[in-house]
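Q:
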Amino acid sequence: MRSGDRKFAPGTVWLVGAGPGDPDLLTRKAERLLRRADIVFYDALVGPGVLDLIGPEAEYVSVGKRAGRHSRDQRTIDALIVDAARARKRVVRLKGGDPSIFGRANEELEACRAAGIPVSICPGVTAASAAAADLGLSLTSRGLARRLTFVTAHTSKGAVPDVDWAALADPQATLAVYMGKAAAAHISSGLIEAGLAPDTTVALMENASLPVRRSFVTRLDLLPLAAKSALGDGPAVILIGEALHGAAVARAMPAREVAHAGE
Ligand code: SAH
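In the working numbering, the protein residues as written are 8 to 270.
1. From what residue to what residue does the beta strand (DSSP E) around GLU66 run?
2. For LEU146 versus ALA135, is the C-beta spacing smaller than 8 Å?
3. DSSP three-state call for ALA243: helix, strand or coil?
4. Since VAL89 is in the alpha helix (DSSP H), which residue starts that stretch and which ends it?
5. So the candidates are ALA166, ARG100, LEU232 and ARG153; which of them puts its Cα closest to the Cα of VAL181?
6. Tell whether a beta-carbon distance below 8 Å holds between LEU246 and ALA138.
7. Ignoring anything shorter than 4 residues, give me the alpha helix (DSSP H) runs that lie fully in the region 162-236, in order along the chain.
8. Would you mind sorting ALA243 into buried or exposed? The rule is 16 or more other CB atoms within 10 Å of its CB.
9. Measuring CB to CB, does ASP80 end up less than 8 Å from GLU114?
10. Could you give the C-beta distance for ALA44 and GLY62, rounded to a whole number, given that I count them as a contact under 8 Å?
11. Under a three-way DSSP split, which group does GLY253 fall into?
12. Take the Cβ of THR225 as the centre, count every other Cβ of all protein chains shown within 10 Å, and call the residue buried at 16 or more, exposed below.
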């Protein structure tokens, strides 16, 4: 183990970012921690290629969390982590993307700290970064998108998401909406009513970084339709703003189609 993770001592916990799915997007540090762990608690969104990197002797436990599907509640997960560390195991809590972005990391950090268990974080590539890479564009753009906002529009049982649309309707910003598929209609109407142009570019990216990824570029007023018809049931991030315009342009370029056809 190198510098920061040299001290992966028994009885300690690492919250490790698994990245968006492609195991090549895992950090080297994450890979080392996975090899050394005695037990790994992983989310449903962690790619199978990443799980292959777990050491052969390690136990691995799915604590799968996917919207709308059965999952262990957060307190149970907190307790499992704490108990494993108390049993003197080297514990990895493997979380999709970056643990510090919509990953309930605080609950787990607090549970460990309250139990006196040393806990550290290994960052990961977040879904929005992976989606931008797949689309071949930048999330920020000088003079066009000076602000990048990560927002979640997760709602329980179809409730209206509690989001301050007026604060988000900035034509010079890029919005990266996580867990937003079910709330697509609210996102679209909320932002348009708050003043964002109906033809603002929107890119939807499902399964970013994976071979099965799917993307769709549309406009804000057509987002609800696109979210229903253009995606499957994988995790999807919604990117909104003029920085995404490049994705629309790239898609319209006939040269790309020719290149693909010739492959
Ligand atoms: N900590 C994660 C986010 C967890 S919230 C991160 O940093 O990426 C779960 C949401 O992340 C999903 O509903 C989806 O909006 C997004 N997401 C995760 N993996 C994704 C992927 N491979 N492609 C697109 N969106 C993804």
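For every residue, glycine included, the Cβ atom is placed at its ideal position computed from N, Cα and C. Since this is a predicted model, take the numbers as computed values, not measurements.
A: Reading off the structure:
1. For GLU66, the uninterrupted beta strand (DSSP E) segment begins and ends at 66-69.
2. In terms of Cβ geometry, LEU146 and ALA135 form a close pair [threshold 8 Å].
3. Residue state for ALA243 is assigned as strand, using DSSP reduced to three classes.
4. VAL89: member of the alpha helix (DSSP H) spanning 81-93, first to last residue.
5. Before going further, note that residue 181 is Thr rather than Val in the sequence given. Each of ALA166, ARG100, LEU232 and ARG153 was checked against the Cα of THR181, and the nearest Cα belongs to ARG153.
6. Yes.
7. Inside the region 162-236, DSSP marks whole alpha helix (DSSP H) runs of 4 or more residues at positions 172-175, 191-200 and 230-236, from first to last along the chain.
8. By the 10 Å Cβ count, ALA243 comes out buried.
9. Taking 8 Å as the Cβ cut-off, ASP80 and GLU114 do not qualify as a contacting pair.
10. About 7 Å separates the beta carbon of ALA44 from that of GLY62, a gap short enough to meet the 8 Å contact definition.
11. Three-state result, GLY253: helix.
12. Of the residues assessed, THR225 falls on the buried side of the cut-off, its CB having 16 or more other CB atoms within 10 angstroms.
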